[in-house]
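Protein chains in written order, with this note's numbering: chain A, 1 to 773; chain B, 1001 to 1075; chain C, 2001 to 2184.
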Amino acid sequence: MSEFSIIGKPTPNVDGPAKVTGEAAYTIDMTLPNMLYGKLLRSPYPHAKILSIDTSKAEEFPGVKLIITGKDTPGGKWGLWRRFRELSDQQALATDKVRFIGDPLAAVAATTEEIAEKALDLIEVEYEPLPAVYDPIEAIKDDAPMVHEDFPSNINATRHIEWGDVDKGFAEADYVREDRFVLEAAHPCAMEVHNTLASYDKGTGRLTVWTSTGSPYFVQQNLAEALKLREGDIRVIKPHVGGHYGGKNSTMPDCVNAAILSMKTGRPVKIVFNRDEEFTTTEHRTAQHMALKLGLKKDGTIVAFEAKTITNGGAFTGLGATTLYLTGTFITMPYKVPNYRFDGVRAYTNIVWGTSIRGFGAVPSKYCAETQLERAAHDLGIDSLEIRRINAVAPGYEAPGQYKFESCGIQACIEKMAVRVKEKWPKVEKDAGIGYCAFAYMSGGIFNWIDTPYAYSSAHVKVNFDGTVDLYSQAADVGQGHNTVAAMICAEELGIGIEDIRLHMGDTAHAYTDLGAWGSRETLMNGNAIKDAAGQIKQKLIDIARLKLGENIAYDLVAKNKRVYLELRPERGLSYYDLVKDAIRANDGVPLTGTGHYTPHNKGMISPAYGMGIMAIKAKVDRETGHVEAQDVLVVHDSGQIINPLGARGQVEGSIHMGLGYGLCEEMPMDQGMLLNPEFVDYKIIRTRDMPEIEILDVPTYEPNGPFGAKEAAEATIAPAAPALANAVYQACGAEFFSNVLKPEKVLKAIKEKEKKDKEGAKPKTTSKAKGK
Amino acid sequence: MPNYRCPMCRKICSEHLDLARHYLGQTDKKHKDWLKTQGLSYASLIKAQVTEFGNKGYQALADVLKKTATEVTEV
Amino acid sequence: MKRELNIAVNGESYNFFIEPKTLLVQVIREMLGMKGTHQACDSSSCAACTVIIEGKAVKSCSILALQVNGKEVTTIEGLADGTNLHPIQQAFIDNWAFQCGFCTSGQIMAAKAFLDENPNPTREEIQMQMDGHICRCTGHNMINEAIQDAAKRLQSRDAAKRLPAQKKLQPQKWAQTAKSGKGA
């Protein structure tokens, strides 16, 4: 029997009625009276000096109200890595040079969108094209063109992680192999494009901005720096958001330029990207080169692991530097790696930049690590699931100086997987295979490169005289269902129903700071803050109940089912509604309030808690066409106490969809910095007919750092999809891949290579050593 | 046990290799400029470290720090 | 030169003078201010803008408004009956068939048109029908389950509507039996 009334029960989305009736308002739906439409003029060159900009013809075009260039902006630079000020490299409009195809250098405000677009054609720009660089390995060479002048060899960020003695570990290994990989970029493809509506109040000098974002607080911070205003003079409101997936953390030129145009015209200004701009100028999943060296004992135990990566940062930093760091940490999870070294470089290049897309570095890194591990298992004659079981961590495992797993159900997940796989797929047909991938992922980040002085999450709860509750927080529901989770946590803590709660979320003016929806942080971090706030109110109700009931002080009181009662004698209790009235009367008419905060401390470098598990994919290969069919997916997952099973399932399935896309069809081919597929016609994502069935099994654990034992649920499941698929293909036909995106032509080529190797009797690509030599 | 101080800041480590790791994690001008005085460059050391397995970049800097870093006895 | 458009949307008639190049989605979103129909691409690839035109699901970004001159259009705003959600809408809620919700209007309208024609579809038929819709959040499977659930709900609803007519027959039958004197 569950101890909870609401937590753990399938709960419909609190935003459901609004979303299914078309009433949910997204930024793209919003207008204000007297509004102007803005458009950005974008560079056609990947790298060029701006010699001159002549806006005179465009200014005369009827309906054009204002045109600005870089010199007309406040000139503030911003970024999300504020602890390293030199990485605040974004600016509203390019001034001296443009750094990627699509870099904006002028903005137009006009009475209609069409007029603004026509005006762009009338702006004359003289460029001096400069040599450009697109690949990070080329970019770090001594003679490469410099994207940003203060960064020699285009080194934007580096990361080194080391523990144990890696070289000794390799010396002691029985089996060592090295593999090199190339990982492609992919786009988050949010259905709602980036767009912003900004309104400047001339009288007060204050700015209000509605924008499609994952973090109103980040936007507030960034706008303050870009516009040289005080944070407190900027209000950012996040309406419903049509998708984010990590691509809406940075504040982008739509937002900053809409604000500047509004400040200068005195009218609201709206800028909406079209889908081409969305693909070509907004942040994507970082492409990278990766080299891994793995050392195992002959029984499959990992003794040493080394990873090197050079990532294609693109023209700006965004959260790409964080992605670099997490690439080096998630790659080891969830295994015991006694000796480890990671070195990563993020290079500036002349393309649009890579950042914190869903999975945050785990997606490319696990692809490499798990396909390598699969090959190693094969060479050593060890079962694929068994090698993962041997190396999987136990609760309390600590990677020195980095992370510690408190709740940790990975072994139970693997056990459950072993049983279920036999039941589900007792036989595997010809040219089909089962591939595995184990995974773990954070529940929000501990690192503070954003340099916020605030608690990482806060919430304010107010209970009114009639018992209705107002919950305030800047936390962002971007579709993942956080509004519902927030209401559930608040309701459970107070012992009331979700129907009693009104949410006020995602607005910096009348809410409390939360860092936003990234790294799967909202449930744990905002959940803790909400539980803290509601808990303070619950305590006040309990105190009054204790006074009125007059029971022995040793007895515990609980709040549940809209009552506060003795836990051991439930018939002895008082109505929540009466207690609320008493509490307000007893406090001079002041409404009941609680303000909660949460910041993790003493939890290592990465996260207070980790979701984890193991995924298996059954796939079939068509040897004639190279087509890979993902037939069936099984995932066994430890997400601690799942708050809303409906929402968790939705997130798992959505992340698997995105992960399979990374493995099968999503790519961003570029020619001289120009994206060749900037529309859904050519950027392939998985459609419903190609989506396999997904079975999700849960291994419940209790996470002490999370509200009611909860931790992240389902960003973890994006990373294992592509490697599990590649491993399934490997099992099916022996084809090996050193890059993601298993397009038919690539699969056919890999099958032929395998056949050739088999004929030649080629030995595996390793250095196998007998122990003691 | 001897400790060694970073030439450009107060960081102290017991091993030259650890000091090198600290050093190359600093991206300010002061730290980068000192490397030039030793005939090294930040970019070259990082590239050596990331393009090959092993500790090539840090080891090269550690070797220089062995000769130049001040030994300190206080904690 | 502007031309006259006469159109009925969600049961209301409207009359506009529009540029011939105006798309139906522009009339819906900008002139009628009905924002529930969304656009998520510029290449007719995503079907988020799907509305129903005389029983057929149509991408409103891919049809000129003048092409539906004189016709009836139903948008997402026209589906619920006042405050009573349509069974498809309720099925979407109960099956968590949306997350960000941006593609949802198009999915629901396409499902409505489909179920009106094929009230008892198989899972494969649903997948075939809905394959033109991009959803980046759900991974599609929960949407298909919602549509299957909606089909059942619609069948129950329609079956329930038929019951009063059957009940009417019963008393006459009893009366005839009693008249004839034959035993119960």
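The beta-carbon is built from N, C-alpha and C at its ideal position, and this holds for glycine as well.
The Cβ neighbour count for B/T1037, taken over all protein chains shown within 10 Å, is under 16; the residue is labelled exposed. Here A/A362 really is in contact with A/A719; their C-beta atoms are around 4 Å apart, less than 8 Å.
For C/D2149, there are no neighbours in chain A by C-beta distance under 8 Å, as the nearest C-beta there is about 13 Å away.
A residue is called buried once 16 or more other Cβ atoms fall within 10 Å of its Cβ, and A/M263 is buried on that count. For B/H1031, the uninterrupted alpha helix (DSSP H) run begins and ends at 1029–1037, by DSSP.
Taking the CA atoms as reference points, B/Q1059 sits about 8 Å from B/A1020.
Boundaries of the beta strand (DSSP E) around A/M615: 610–621.
For B/H1022, the enclosing alpha helix (DSSP H) begins and ends at 1016–1024. For the region 1002–1032 of chain B, the set of positions with a beta-carbon nearer than 8 Å to some beta-carbon of chain A reads R1021, L1024, G1025, T1027 in chain order. The secondary-structure analysis by DSSP pairs B/V1064 with nothing; it has no beta-bridge partner. Across the structure, A/G663 and A/G344 are spaced so that their CA atoms are roughly 23 Å apart. Taking the beta carbon of A/G481 as reference, the chain C residues within 9 Å of it are W2096, Q2099, listed in sequence order.
Shown here, A/Q91 sits in coil according to DSSP, grouped into three states, outside any helix or strand. Taking a cut-off of 8 Å on C-beta distances, the region 386–403 of chain A does not touch the region 346–356 of chain A, as fewer than three cross pairs fall below it. The DSSP-derived three-state label of A/N740 is coil. Within the region 2002–2027 of chain C, the complete beta strand (DSSP E) segments of 3 residues or longer fall at 2003–2009, 2012–2018, listed in chain order.
In the DSSP assignment, the residues bridged to A/Y127 are A/I50.
For A/S262, the uninterrupted alpha helix (DSSP H) segment begins and ends at 253–265.
By the Cβ test, the region 532–547 of chain A is in contact with the region 560–574 of chain A, since at least three Cβ pairs between them sit closer than 8 Å.
A/V635 sits buried, since 16 or more C-beta atoms from the chains shown fall within 10 Å of its C-beta.
C/I2028 has its alpha-carbon roughly 6 Å from the corresponding atom of C/M2034. A contact is defined here as three or more CB-CB pairs under 8 Å, and the region 281–296 of chain A meets this definition with respect to the region 173–186 of chain A. In this model, A/D532 and A/P131 are separated by some 55 Å (Cα to Cα). Under the Cβ criterion of 8 Å, B/A1060 is not counted among the residues facing chain A. At a cut-off of 8 Å, the C-beta of B/A1069 has no neighbouring C-beta in chain A. DSSP lists A/H289, A/V345 as the bridge partner or partners of A/I310. If only complete runs of 3 or more residues are kept, the region 467–524 of chain A shows the beta strand (DSSP E) at 469–473, 501–505, in order along the chain. Counting C-beta pairs with one atom in each stretch, the region 675–695 of chain A and the region 2131–2144 of chain C have three or more that are closer than 8 Å, which means they touch.
Comparing alpha carbon positions, the residue from A/E172, A/T281, A/V20, A/S473 closest to A/P104 is A/T281. For the region 670–704 of chain A, the full-length beta strand (DSSP E) segments reaching 3 residues or more read 693–698 along the chain. In the displayed model, A/S5 falls within coil according to three-state DSSP, outside both helix and strand. A/I656 has a beta carbon lying within less than 8 Å of a beta carbon in chain C. A Cβ of chain A is located within less than 8 Å of the beta carbon of C/K2035. For B/V1064, the nearest beta carbon of chain A is not closer than 8 Å to its own beta carbon. If you draw a 10 Å sphere on the C-beta of A/Y340, you find 16 or more other C-beta atoms in it, and that means buried. Taken in chain order, the whole alpha helix (DSSP H) runs of length 4 or more contained in the region 2063–2127 of chain C are 2087–2094, 2104–2117.
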